[in-house]
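Report on the structure given below.
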Amino acid sequence: MRRKFIAGNWKMYKEKSQVAEFMDEILEICRENEEKFSETHVGICPPNIYLDYVADRLKGTKIQVFAQNCYFETEGAFTGEISPEMLKSIGCFGSIVGHSERRQIFGETDELVNRKVKALLRTDLLAIVCVGESLEEREVGRAKDVVATQIEKSLKDLKADDFEQVVVAYEPIWAIGTGKTATPDEAQEMCKYIRDVVADRFGNDAGEKLLIQYGGSVKPQNSAEILSHGDIDGALVGGASLKAGSFFDIING
Ligand code: PGA
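In our numbering, the protein residues as written are 457 to 709.
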């Protein structure tokens with residue numbers, strides 16, 4: 457049985473005082489709903505500058521902290537970058553990699569994403585690997601091909617066992633921050649397809665183990681229906697994760 461995994465991607469939002477306020481609220485919710493947080497795997501992905509602080513505040517809780525991005529080298533002259541080893545040293549559990557904003561705005565390729573995934577695996581951290589097609593690609597009927605290629609290249613050379621440490625987040629680009637969600641059936645169809653591609657390329661065991669999140673305008677109003685589908689094991693939540701209350705409503709189902 458795959459355990460439900462809800463992660464909140466804060467992107468480049470919140471000043472320090474707002475982070476502190478969020479932490480007060482989520483810790484209170486956590487105390488009142490211990491069972492829920494044992495049953496569901498919950499992660500928060502704040503901007504890097506707050507990782508250490510958030511990790512500290514989450515000590516002793518079941519909520520884990522993740523980065524939104526990292527570099528693949530261990531250390532060196534790479535101004536502005538952070539390594540998986542650094543993440544690990546502050547109590548971070550892993551990182552998102554290959555988010556479509558990184559791919560589109562910062563030019564990240566599947567090859568770079570693949571190096572980052574391997575770097576996280578070498579450090580025993582979890583990699584949340586984002587894939588997803590653009591509206592144009594969907595409209596011309598190429599969505600599945602695009603996603604299959606992203607999966608093959610981003611996860612190249614991985615072994616079946618590595619899939620314990622890899623989560624795939626299917627995020628159709630046209631649904632991110634737009635208020636448009638894929639219909640639950642569309643999301644399920646693509647998540648099932650991703651599982652089949654992984655099973656085909658990396659073995660049935662990898663396909664079975666793989667945790668797949670859906671992301672793109674997930675909100676308390678639509679999350680339960682999306683998450684009721686068999687191949688959707690969780691959600692990567694942007695906007696609706698910025699408030700502790702709405703984030704918990706999604707966790708609560
Ligand atoms: P959204 O973002 O929930 O605001 O659409 C999701 C994401 O980009 O991970």
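Heads up, the beta-carbon is just placed ideally off N, CA and C, and yes, glycines get one too. Please read these numbers as outputs of a predicted model, since none were measured by experiment.
Asked	Found
Pick from T637, S702, I650, L692 that is closest to H497, judged by C-alpha positions	L692
Status (buried if at least 16 other CB within 10 Å, exposed otherwise) for D656	exposed
Length at least 4, wholly inside the region 574–627: the alpha helix (DSSP H) runs in chain order	591–595, 599–610
Closer than 7 Å: A583 CB and nearest the ligand PGA heavy atom	no
Close-in-space but distant-in-sequence residues of the same chain around P502 (CB under 6 Å, 5 per side omitted)	W466, V510
Cβ separation of N570 and K609, assumed to be a contact under 8 Å, to the nearest whole Å	6 Å
For Q524, the first and last residue of its enclosing beta strand (DSSP E)	Per DSSP, Q524 belongs to no beta strand (DSSP E) and is neither H nor E.
In chain order, each beta strand (DSSP E) run of at least 3 residues that lies wholly inside the region 484–565	497–501, 520–523, 550–553
Identity of the residue in A696, G701, P676, L666 nearest I688 by Cα	L666
For E529, the nearest candidate out of E541, Q520, G701, V521 (CA to CA)	E541
Integer Cβ distance of Q520 from L577, believed to fall under 8 Å	That pair is no contact at about 17 Å.
Boundaries of the beta strand (DSSP E) in which A691 is found, first to last residue	690–693
Residue environment, T579, which counts as buried when at least 16 other CB atoms sit within 10 Å	buried
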